[in-house]
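Quick notes on the structure that follows.
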């Protein structure tokens, strides 16, 4: 399985190299897409993510982690089959969103606080979008409906928990390690330096990946390579914006959600939005994998979990569209 994933990644990278060769050859046509991707990163991502990167880097090395783990440990151990330290990563993921959860799981694995199986299970449950993004950006701004945003957030978290419970059976014979583990405090001078350094590197990785996938999506669209897929989806959705939004969302979440919102709140709006948010887009997945790989956490189960998360979210969305809150 891992060999097939690595082969797929090699082909994908080869395709990206060819694509960006085309971009260089026709730079005038696509330079605006690169610029827009960087502007999106600078204007929206750095202000919202960098403070969280810095704060979580500090908190993860303080004793407060042990206290949070102690309080939430029974829940995470019983439902998701992971030890108490994952409770803190889950908490950060729920309030901060992508890709903070993956970074927290990576940090815990590197500190020796998670075994390999727990790290895989944790990567599944610590992979969600933030309430600020779902309620504020998507609900209030894109769809101009805060109620829709609240419903979206609640359904999204429900989908994450259901998906996490399913993956608690991953290598079910392996039990969680110690329920609660204490983290040693660092010297203040080292702590501040390492936190800033870690945060800067992390935000640069995120920025590079966002720019690449934003540009990739725009290039493919301008080359009319999405036409067949969009036309096929139109037969089901009966709406160009919904079809286009779904395709865009597979590559870059924010672009896809913007397209979906152009059709307003309809029956398919919640299911499709939950599908995109559950999957996260290739951009978010690449960001998460970058962190998971650094801790040598298996990524094949994580990739599969994003597909199941999207499907579960879609089904929950259909239910709540039929029986709204």
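Residue numbers (the working numbering): 1046 to 1370. Here a beta-carbon is modelled for each residue, glycine too, at the ideal position from N, C-alpha and C.
Worksheet item: In chain order, what residues of the same chain lie with their CB nearer than 7 Å to the CB of residue 1094, ignoring the 5 residues before and after it?
Response: 1248 and 1251
Worksheet item: Ends of the alpha helix (DSSP H) at residue 1298?
Response: 1298–1306
Worksheet item: Does the count of Cβ pairs from the stretch 1163–1171 and the stretch 1186–1204 closer than 8 Å reach three?
Response: no
Worksheet entry | Where residue 1191 falls: helix, strand or coil (DSSP) | helix
Fill in: Spatial neighbours of residue 1365 in its chain, beta-carbon cut-off 8 Å, leaving aside the 5 residues before and after
1196, 1200 and 1315
Worksheet item: Can you round the beta-carbon distance between residue 1317 and residue 1287 to whole angstroms, since I take them to be within the 8 Å contact cut?
Response: Between residue 1287 and residue 1317 the Cβ distance is about 6 Å, and since that is below 8 Å, they are a contact.
Worksheet item: Does the stretch 1337–1355 come close enough to the stretch 1144–1151 that 3 or more CB-CB pairs lie under 8 Å?
Response: In short, these stretches touch, since the Cβ pair count reaches three.
Fill in: Inside the stretch 1133–1160 only - alpha helix (DSSP H) runs reaching at least 4 residues
1145–1155
Worksheet entry | Cutoff 7 Å; reference residue 1297; Cβ partners in own chain excluding five residues on either side | Counting only residues of its own chain and dropping the five nearest sequence neighbours on each side, residue 1297 has a CB closer than 7 Å to the CB of 1258, 1259, 1262, 1326 and 1328.
Discussion item. Please return the same chain residues whose Cβ sits closer than 6 Å to the Cβ of residue 1216, not counting the five positions on each side in sequence.
Written reply: 1162
Fill in: Stretch pair the stretch 1348–1356 + the stretch 1178–1189: three plus CB contacts closer than 8 Å
no
Discussion item. Spatial neighbours of residue 1209 within its chain, please: C-beta separation below 8 Å, excluding the five flanking residues on both sides.
Written reply: 1124, 1125, 1166, 1169 and 1170
Item to complete: Thinking residue 1293 and residue 1285 are a contact (beta carbons under 8 Å), I'd like their distance in whole angstroms, please.
Response: Between residue 1285 and residue 1293 the Cβ distance is about 12 Å, and since that is not below 8 Å, they are no contact.
Worksheet item: With distances taken between CB atoms, is the gap from residue 1355 to residue 1324 smaller than 9 Å?
Response: yes
Discussion item. Going by DSSP, what residue range makes up the alpha helix (DSSP H) through residue 1349?
Written reply: 1345–1367
Discussion item. Please list the terminal residues of the continuous alpha helix (DSSP H) segment that includes residue 1269.
Written reply: Here residue 1269 belongs to no alpha helix (DSSP H), and DSSP marks it neither H nor E.
Discussion item. Just to confirm before moving on: does the CB-CB distance between residue 1255 and residue 1085 stay below 9 Å?
Written reply: yes
Item to complete: Excluding the 5 residues preceding and the 5 following residue 1369 in the sequence, name in chain order all residues of the same chain whose CB lies nearer than 8 Å to its CB.
Response: 1196
Fill in: Assigned secondary structure, residue 1312 (DSSP; H/G/I helix, E/B strand, else coil)
coil
Practice prompt. Kindly indicate if chain B contains any beta-carbon less than 9 Å away from that of residue 1329.
Written response: Within the model displayed, chain B is absent; a lone protein chain is all it includes.
Worksheet item: Secondary structure at residue 1129, three-state DSSP: helix, strand or coil?
Response: coil
Fill in: CB-CB length for residue 1342 against residue 1122, believed under 8 Å
About 19 Å separates the two Cβ atoms, so there is no contact after all.
Worksheet entry | Run of the alpha helix (DSSP H) containing residue 1337, from where it starts to where it stops | Counting along the chain, the alpha helix (DSSP H) containing residue 1337 begins and ends at 1326–1339.
Fill in: Cutoff 7 Å; reference residue 1135; Cβ partners in own chain excluding five residues on either side
1121, 1170 and 1171
Item to complete: Helix, strand or coil for residue 1080, going by three-state DSSP, please let me know.
Response: helix
Worksheet entry | Secondary structure of residue 1103, DSSP reduced to three states | helix
Discussion item. Taking the beta carbon of residue 1088 as the centre, do at least 16 other beta carbons fall within 10 Å, making it buried, or is it exposed?
Written reply: exposed
Fill in: Environment of residue 1322 [buried if 16+ CB atoms lie within 10 Å]
buried
Worksheet item: Could you give the C-beta distance for residue 1290 and residue 1302, rounded to a whole number, given that I count them as a contact under 8 Å?
Response: The Cβ separation is near 7 Å, so the contact holds.
Worksheet item: Is the distance from the Cβ of residue 1098 to the Cβ of residue 1142 below 9 Å?
Response: no
Discussion item. Going by DSSP in three states, residue 1200 sits in which element: helix, strand or coil?
Written reply: helix
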